[in-house]
Amino acid sequence: MSEPLVSIVMPVFNAERTLHATLRSIVWQSHTHWELILIDDGSTDATLAMAHAAALADQRLRVLAGISNEGLAARLNQAVSLARGQYIARMDADDIAYPTRLAAQVKFMSEHTDCDLTGCAALIFDDAGQVQGKFALRLSHAEICARPWAGFPLPHPTWLGKREWFARFGYSPDYRKTQDQDLLLRSYTTSRFACVPEILLGYRQERRTLQKLLTGRKNFARSILREALRQNAVPAGLAGLVWQGAKAMVDLLTVPTGWDRRLRNESANGISADESAEWHALWVAATIESTMK
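In the working numbering, the protein residues as written are -16 to 276.
Here's what the structure looks like:
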């Protein structure tokens, strides 16, 4: 087996309900020079057995079993350390990649050698596969980093970047939430980010819990304070802290009633008829019950 160009890193935990479709979408990639480093983070369901079965059918899948639950950041660092590809791609066990995802992002990176990390447009869907919208696009580094203290509009599962960049900055294992935003905040002043405008990923939007959201706000506030002090940007950092506090208040008011989901869907960019049809075909193909081929 030749050396892969792309190493897909995917920690998983109790993902038996969604893993099958996710793995199908990876195996079907038009770009074939990849490896998937799947690290089970102490699952208690059939996730690990499903992963081993898939690896028997495709040698590009590398499955590692974690005895305990170490968290996403620690497992991502572990996967990056094992990666052989020139590029690292992120993928979650409940999302679905479009067939040309890797090909399009690799092409972009090869044509823009100064870029360290690229995302892509992502369609948002629910557990039933129904389209909910898509993320607002920010294509250039300047646009993505326009308000660093408020966050970076670059969804984590869409990332593909240079392995050296991931190894240099790494994920902070101190964070159970917002690991991606913390990494971007630590690295954006000496890195180059971009986003491919094509929809290349289906992003599953599950109901958010108030505890997870507030933990995320708290963690990112810690990141903001640390970087504001390090960069001697205290006024901007304080503004970022105020913004996170305001967003936390909105969460407290809207999440218990379910209004947060409605507000997010109303603010999401619309999906065209062609985009919806393309997604529906992919959803049906990825979720049909049969042996993965």
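Using N, Cα and C, we set each Cβ at its ideal position, and we do this for glycine too.
Since we're looking at a predicted model, the values are computed, not measured.
Using C-beta distances below 6 Å, list every residue in its chain close to residue i, excluding the 5 sequence neighbours before and after it, in chain order.
i	result
L236	none
G54	R159
S51	G25
If you drop the 5 nearest sequence neighbours on each side, which residues of the same chain put their C-beta closer than 7 Å to that of residue i?
i	result
A66	S(-10), V(-8), I20, R146
A76	M(-7), V(-5), A(-2), T1, L2, T5
V114	L106, F108, I254, S259, W262
P131	L168, Y171
A222	W132
With DSSP collapsed to three states, give me the class of residue i.
i	result
L55	helix
F(-4)	coil
Q(-12)	First, the amino acid is wrong: residue -12 is Leu here, not Gln. Of the three classes helix, strand and coil, the one that applies to L(-12) here is coil, per DSSP.
R187	strand
I254	coil
A222	helix
I182	strand
R73	strand
A177	strand
I9	helix
T15	coil
Just to confirm, does residue i get its C-beta within under 8 Å of one of the non-hydrogen atoms of the ligand ATP?
i	result
E181	Judged by which ligands are present, the structure shown has none, so any question about the ligand ATP falls away.
Go through its chain and collect everything with a Cβ distance to residue i's Cβ below 8 Å, but skip five positions before and after it.
i	result
S13	P82, T83, L85, A86
W17	P(-13), L(-12), V(-11), S(-10), I(-9), I9, R43, G68, A72, L85
Under the assumption that residue i contacts residue j (Cβ atoms under 8 Å), give the Cβ distance between them as a whole number of angstroms.
i	j	result
S206	D165	4 Å
L100	G144	3 Å
L184	T141	5 Å
I182	A105	7 Å
D24	R58	5 Å
A150	V63	6 Å
Out of the options, point me to the one whose CA is closest to residue i's CA.
i	options	result
M232	V267, L196, L212	L196
E201	L184, S155, T161, N215	In the sequence as presented, Glu is not what sits at residue 201; that position holds Lys. The shortest C-alpha separation from K201 is found at T161.
I71	L31, K117, P136, M92	M92
C178	W11, W266, A56, E126	E126
Q88	P180, W11, A150	P180
Practice problem: Scan the segment 76 to 162 and note each continuous alpha helix (DSSP H) run of 4 residues or more that stays entirely inside, going in chain order. | Solution: The DSSP assignment places 84 to 94, 124 to 127, 146 to 152 as complete runs of the alpha helix (DSSP H) inside the segment 76 to 162, in order along the chain (cut-off: 4 residues).
Exercise. List in chain order: all unbroken beta strand (DSSP E) runs of 3+ residues lying wholly within the segment 17 to 58.
Key: Listed in chain order, the complete beta strand (DSSP E) runs (minimum 3 residues) inside the segment 17 to 58 are 17 to 24, 44 to 49.
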